[in-house]
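Enquirer: Residue numbers (this note's numbering): 471 to 881. Mind looking over this structure? Questions follow.
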C-alpha cells in the first residue's frame, strides 16, 4: 500500500501457452502492364492456453496490388483472438474513486425508470428512496483481476493506399473497422454503468450488477465491485493518414550539407461504441469524441502530430507539435444530461510543442538540450468526471514548460 493513495494487493498468477502458426506470401504478378506487383498474403495460428476452456484459432489474409511502382493498394480481413494477460487475470484488487451517481439518491433517481422496491431491497430505507443526498460525488470501486476470464474475439477489415509521388515523399491512407466481442474490461464497463444497469435496466437483485453493489447501514453505497469481466463488445472505425518527407540541402552549419525530415500523423475516429452487456444489445455507450466516468480517458475524433528534424553536421534540431481535439463529457451523449448542468462539459482542443537541440561529438558523446510543453498548455479542470488531479494525466500533461539537459555515450 502506498501512503496517501489507493491501496492495492499483490499480483500473483501464471498460465502456459502452446501455439503453432504459419504465414505465406504468394506473388501472383510482378512487372506486368498495370500490375507492377500483385501479392496475396495469409497467416493462421492455433493456440492452447492453460487457463481457457478450449483451443482458440485465428487467421488473417490480405491482398496487395501496385498498378505502378509509385501507387499501391491493400485490403485485408482478420479474425483474431486475444487471451487475457497476467494482469487482467491475476491483478491484485485495489480501490479507486470514480465519480458516479447513486440511482436511489435524490440526484440520481429517475421517476418511472429507477426501481424503488429494488433500492429498498438492497438497503435503502423506504422513505429515503429518491430523497437522500449522496454523501460523496465519488463512489469507491473495487478493481482487480478475474481468473475466469475468457478470450476476446475480433473481426477486422482494413483498406489502404500508399502513394509516392516523389522519391522523397510518401503518403498513406488507411481505413479500419474493428469489432471485438467478449471484450475484457471492468464489470459493466464502469462503476457508473453497474449502478445504472442494476437499478434502471436489469432491475433484479440477483443480477451480477446488483450483487456487485454494497451499501452501508445508512443506505449509502459503500463499494461497487467491478473486477475484470468479459463485457459485450467494442466497435470502432476510423481513418489513419501519414505523410513522410525528406529533402537534402546543399547548405548547412560549417559549410556541410543538411537534411530535413518531416513526419505527419493524423487519426480520425469515426466510431467507438461499447456494449457493456452481451444480453442487452440495445444498450450502447457512445464514446467517440467523449470523456468521463463511463468512457474514461478522452477519445477525440481528431488527433494529429508532426515532427520536423533538421540534421546538419554534428547538430540535430527537432520539434514536435501535437494536437488533441475537443471532447465532450460522455453524460451528454449517453445520459441525456444537458451541458449547462455540468461544471466542465467540454475539454477544448489543445496544442503541445516540444523542442530539442543535440550535438554529437566525434568521441561518441551526444549532448541534448530541450523543453516540453513550451506553449504552457494547461489542462481543462473537470470536476467529477476526471481521472486524477482534476483532469486526465494519461492524456494531458499536468506541468507547464519543463527543460532538460541529457548526455549519452556510445563505446
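Here a beta-carbon is modelled for each residue, glycine too, at the ideal position from N, C-alpha and C.
Measuring only from the beta carbon, is residue 529 closer than 7 Å to any heavy atom that is part of the ligand MG?
Expert: This structure lacks the ligand MG, and indeed carries no ligand of any kind.
Enquirer: List the endpoints of the continuous beta strand (DSSP E) containing residue 643.
Expert: Where residue 643 is concerned, the enclosing beta strand (DSSP E) stretches over 639-651.
Enquirer: Pick from 795, 877 and 787: whose alpha carbon is nearest that of residue 767?
Expert: Closest option to residue 767, Cα to Cα, is 795.
Enquirer: What does DSSP give as the partner residues of residue 662 in its beta bridges?
Expert: In the DSSP output, where bridge partners are listed per residue, residue 662 has none listed.
Enquirer: Does the distance from the C-beta atom of residue 880 to that of residue 841 stay below 8 Å?
Expert: It is not a contact, given that the beta carbons lie outside the stated cut-off.
Enquirer: What's the call for residue 609, buried or exposed, on a 16-neighbour Cβ count within 10 Å?
Expert: With 16 or more other Cβ atoms within 10 Å, it is buried.
Enquirer: So residue 479 packs on residue 604, CB below 8 Å; how close in whole Å?
Expert: About 28 Å; that fails the 8 Å criterion.
Enquirer: How many Å lie between residue 869 and residue 820 at the Cα?
Expert: If you take the alpha carbons of residue 869 and residue 820, they lie about 14 Å apart.
Enquirer: Alpha carbon to alpha carbon, how far is residue 851 from residue 814?
Expert: Their backbone Cα atoms lie some 7 Å apart in a straight line.
Enquirer: What residues in its chain sit with their C-beta under 6 Å from that of residue 789, if we drop five residues either side in the sequence?
Expert: Contacts found: 778 and 825.
Enquirer: Which same chain residues end up closer than 7 Å to residue 781 when comparing Cβ atoms and leaving out the 5 residues on each side of it in sequence?
Expert: For residue 781, where only same-chain residues beyond five positions count, the Cβ hits under 7 Å are 728 and 729.
Enquirer: Could you spell out the range, first to last residue, of the alpha helix (DSSP H) harbouring residue 590?
Expert: Element bounds for residue 590: 586-591.
Enquirer: Using the Cβ count rule (16 or more neighbours within 10 Å means buried), how would you classify residue 489?
Expert: Counting Cβ neighbours within 10 Å, residue 489 comes out exposed, since fewer than 16 surround it.
Enquirer: Among the residues of its own chain, which have a CB less than 8 Å from the CB of residue 844, if the five just before and after it don't count?
Expert: So the list reads 823, 824, 825 and 871, once near-sequence residues are dropped.
Enquirer: Since residue 720 contacts residue 783 with CB under 8 Å, what's their CB separation in whole angstroms?
Expert: Contact doesn't hold; Cβ gap of about 13 Å is too wide.
Enquirer: Which one of 716, 653, 599 and 486 has the shortest CA to CA distance from residue 623?
Expert: The candidate whose alpha carbon is nearest that of residue 623 is 653.
Enquirer: What beta strand (DSSP E) runs, 3 residues minimum, are completely inside the stretch 765-831?
Expert: Taking only runs of at least 3 residues, the beta strand (DSSP E) segments lying wholly in the stretch 765-831 are 772-782, 785-794, 797-799 and 820-830.
Enquirer: Under DSSP, the alpha helix (DSSP H) around residue 556 begins and ends at which residues?
Expert: Here the alpha helix (DSSP H) through residue 556 covers 556-560.
Enquirer: Please state whether DSSP places residue 500 in a helix, a strand or coil.
Expert: Correct three-state label for residue 500: strand.
Enquirer: What are the partner residues of residue 732, as DSSP defines its beta bridges?
Expert: Partner(s): 715 and 778.
Enquirer: Is it the case that the stretch 494-514 contacts the stretch 527-542, given that we only count it when at least three CB pairs across the two stretches are under 8 Å?
Expert: They touch, by the three-pair rule.
Enquirer: Could you work out which residue in 705, 515, 541 and 502 is closest to residue 492 when comparing CA atoms only?
Expert: Nearest option by C-alpha distance: 515.
Enquirer: Residue 622 lies in the beta strand (DSSP E); which residues open and close that run?
Expert: That run of the beta strand (DSSP E) goes 622-636.
Enquirer: I'd like the span of the beta strand (DSSP E) that includes residue 549, first residue to last.
Expert: Segment 541-552, the beta strand (DSSP E) holding residue 549.
Enquirer: State yes or no: is the C-beta of residue 649 within less than 8 Å of the C-beta of residue 705?
Expert: In this structure, residue 705 lies closer than 8 Å to residue 649 by Cβ.
Enquirer: What residue from 846, 836 and 792 has the CA that sits closest to residue 785's CA?
Expert: The shortest Cα separation from residue 785 among 846, 836 and 792 belongs to 836.
Enquirer: Please report the distance separating the alpha-carbon of residue 611 from that of residue 861.
Expert: Rounded to whole angstroms, residue 611 to residue 861 spans 19 Å at the Cα level.
Enquirer: Among 496, 560 and 540, which one has its Cα closest to the Cα of residue 506?
Expert: Here the closest residue by C-alpha is 540.
Enquirer: Taking its Cβ as the centre, do 16 or more other Cβ atoms sit within 10 Å of residue 701, making it buried, or is it exposed?
Expert: Answer is buried; the Cβ neighbour count reaches 16.
Enquirer: Kindly indicate which three-state DSSP category residue 853 falls into: helix, strand or coil?
Expert: Residue state, collapsed to three classes: helix.
Enquirer: Apart from the five residues on each side of it in sequence, which residues of its chain come closer than 7 Å, Cβ to Cβ, to residue 731?
Expert: Around residue 731: 716 and 779.
Enquirer: Which residue wins for smallest C-alpha separation from residue 537, given the options 707, 632, 586 and 804?
Expert: Comparing Cα-Cα distances from residue 537 to each of 707, 632, 586 and 804, the minimum goes to 632.
Enquirer: Classify residue 482 as helix, strand or coil using the three-state DSSP reduction.
Expert: Looking at residue 482 - three-state DSSP - the assignment turns out to be coil, as it is neither helix nor strand.
Enquirer: Grouping DSSP H, G and I as helix and E and B as strand, with all else coil, what is residue 618?
Expert: Residue state, collapsed to three classes: coil.
Enquirer: What's the C-alpha gap between residue 591 and residue 775?
Expert: Their Cα atoms are separated by approximately 53 Å.
Enquirer: With a threshold of 8 Å on Cβ separation, who are the neighbours of residue 614 within its own chain once the five nearest residues in sequence on each side are excluded?
Expert: Excluding residues within five positions, the ones whose Cβ falls inside 8 Å are 479, 561, 562, 563, 564, 697 and 698.
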